[in-house]
Amino acid sequence: MPTESSRAAAQRIETLFAKGVVFTVLGAGMLIGVALYAQWTREFLRTSVVVPGRVVKLNAGPHHPEIAFTTLAGEHVEYPQGGAVSEQDGAAVEVRYAPDAPRMTARLNTFGAIWGDVLMLGGMGAVFFGGGVGQLWAGVRAWRSRRPPA
Numbered sequence: 001m002p003t004e005s006s007r008a009a010a011q012r013i014e015t016l017f018a019k020g021v022v023f024t025v026l027g028a029g030m031l032i033g034v035a036l037y038a039q040w041t042r043e044f045l046r047t048s049v050v051v052p053g054r055v056v057k058l059n060a061g062p063h064h065p066e067i068a069f070t071t072l073a074g075e076h077v078e079y080p081q082g083g084a085v086s087e088q089d090g091a092a093v094e095v096r097y098a099p100d101a102p103r104m105t106a107r108l109n110t111f112g113a114i115w116g117d118v119l120m121l122g123g124m125g126a127v128f129f130g131g132g133v134g135q136l137w138a139g140v141r142a143w144r145s146r147r148p149p150a
């Protein structure tokens, strides 16, 4: 008959396996998504054009500037840049955009603005995946230590 401590140990092993599976699957999904996002970013870099722009206002400090630029087709566009950059009000900047959708694809032509999200999500995916594998490994080790010798 199982003792209270053996039931607790079995429950601990099950918890390690469950957490390991969840975090490994989430991490793997994030890494797959990041790989697709990185491929989209590479294609964006290949097909986009760069034009001069200007910071017209700061929405929430220097990390959230509002950028204005004119496309090669003459369309005036203003868009809010995300937080992966730091610019001063009135600063001259370079803007990269896809000619078929300038308002939706515009971003500053800087490493952080272009690759920042890919790197952040990739790091998070790697941590989730590594943590999940670590939980699975700990569960396997705990399970093996409980088995009677063959």
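Numbering-wise (full-length UniProt numbering), the sequence shown opens with residue 1 and increments by one.
For each residue, glycine too, the CB sits at the ideal point set by N, CA and C.
Fair warning: this is a prediction, and the values are worked out from it, not measured in the lab.
> Should V50 be labelled buried (16 or more other beta-carbon atoms within 10 Å of its own) or exposed?
Replying inline: Taking the sequence shown and counting its residues from 1, the one referred to as residue 50 is at position 50. So V50 counts as exposed.
>> In the DSSP output, which residue or residues are listed as bridge partners for Y79?
In response: Within the sequence shown, the letter at position 79 stands for residue 79. Y79 pairs with I67.
> DSSP state of P102, grouped into three classes?
Replying inline: Stepping through the sequence shown from its first residue, residue 102 is reached at position 102. Helix, per DSSP.
> Roughly how far, in whole angstroms, is the beta-carbon of L108 from the beta-carbon of Q81, given that I think they are within contact range, below 8 Å?
Replying inline: Locating residue 108 in the sequence shown gives position 108, counting from the first residue. Locating residue 81 in the sequence shown gives position 81, counting from the first residue. Between Q81 and L108 the Cβ distance is about 6 Å, and since that is below 8 Å, they are a contact.
> Can you give the Cα-Cα distance for D117 and W143, rounded to whole angstroms?
Replying inline: The count along the sequence shown starts at 1 and reaches residue 117 at position 117. The count along the sequence shown starts at 1 and reaches residue 143 at position 143. Cα to Cα, D117 sits roughly 39 Å from W143.
> Less than 8 Å separating the beta-carbons of T105 and F17?
Replying inline: Against the sequence shown, residue 105 aligns to sequence position 105. Against the sequence shown, residue 17 aligns to sequence position 17. By the CB criterion at 8 Å, T105 and F17 fall outside the cutoff.
>> What does DSSP give as the partner residue(s) for R54 in the beta ladder?
In response: If you number the sequence shown from 1, residue 54 lands on position 54. As DSSP reads the structure, R54 sits in a beta bridge with A68 and A92.
> Which term fits Q39, buried or exposed, when burial requires 16 or more other beta carbons within 10 angstroms of its beta carbon?
Replying inline: Counting from 1 along the sequence shown, the entry for residue 39 is found at position 39. Answer is exposed; the Cβ neighbour count stays below 16.
> From G130 to V34, what distance separates their C-alpha atoms?
Replying inline: As a first step, residue 130 is located in the sequence shown; it is residue number 130 there, counting from the start. As a first step, residue 34 is located in the sequence shown; it is residue number 34 there, counting from the start. In a straight line, the C-alpha of G130 is about 16 Å away from that of V34.
> How about H63 and V85: are their beta carbons less than 8 Å apart?
Replying inline: As a position in the sequence shown, residue 63 is number 63, starting the count at 1. As a position in the sequence shown, residue 85 is number 85, starting the count at 1. When the beta-carbon positions are compared, H63 and V85 come within less than 8 Å of each other.
>> Just to check my reading of the structure: G90 and R46 have Cβ atoms closer than 8 Å, yes? What is that Cβ distance to the nearest angstrom?
In response: By 1-based counting over the sequence shown, the position of residue 90 is 90. By 1-based counting over the sequence shown, the position of residue 46 is 46. Actually they are not in contact, since the Cβ atoms of G90 and R46 sit about 31 Å apart, beyond 8 Å.
> Over what stretch of residues does the alpha helix (DSSP H) that includes S86 continue unbroken?
Replying inline: As a first step, residue 86 is located in the sequence shown; it is residue number 86 there, counting from the start. Looking at the DSSP string, S86 is not in any alpha helix (DSSP H), and its letter there is neither H nor E.
> In angstroms, rounded to a whole number, what distance separates the CA positions of R42 and L121?
Replying inline: One-based indexing of the sequence shown puts residue 42 at position 42. One-based indexing of the sequence shown puts residue 121 at position 121. Approximately 16 Å between the Cα atoms of the pair.
>> Let me make sure I understand the geometry here. Which of A60, K57 and S48 has the alpha-carbon closest to that of T71?
In response: Numbered from 1 along the sequence shown, position 71 holds the residue referred to as residue 71. Closest in C-alpha terms to T71, from the list A60, K57 and S48, comes S48.
> What are the start and end residues of the alpha helix (DSSP H) that includes G125?
Replying inline: Indexing the sequence shown from 1 puts residue 125 at position 125. Counting along the chain, the alpha helix (DSSP H) containing G125 begins and ends at F111 to R146.
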